[in-house]
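The structure under discussion appears below in the form of structure tokens.
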Amino acid sequence: MIESYQLEVTDTRDGTTVEISVPTKKLISAHSMKSILLGRKLFYSVTQRKHARILSEMFDQQLPEEIKD
């Protein structure tokens, strides 16, 4: 089982990028991510639904075109 994920987070104000480690069980919660990022002085304002959509996009496994057909 994966214990944590390394995420690259970009501050939209100045383009600064930082890498953070997020425990797997906290990754799915928008509230937990807000707390983790706020601790790094990064503001994260999304609903749980939007957060779930972001995660879905991050982990979406696209099949190669030749396999899709």
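Numbering follows our numbering, in which position 62 of the sequence shown is assigned residue number 59; successive positions increment by one, without gaps.
Think of the CB as a built atom: it goes at the ideal place given N, C-alpha and C, for glycine as much as any other residue.
Which term fits H48, buried or exposed, when burial requires 16 or more other beta carbons within 10 angstroms of its beta carbon?
buried
Status (buried if at least 16 other CB within 10 Å, exposed otherwise) for M30:
buried
Looking at V19: is its Cβ nearer than 8 Å to the Cβ of R37?
no
Quick one, are the C-beta atoms of Q17 and L35 less than 8 Å apart?
The question names Gln, but residue 17 is Ile in the sequence shown. Taking 8 Å as the Cβ cut-off, I17 and L35 do not qualify as a contacting pair.
Between K23 and the rest of its own chain, which residues show a CB-CB distance below 8 Å, the 5 nearest in sequence each way excluded?
S29, M30, I33
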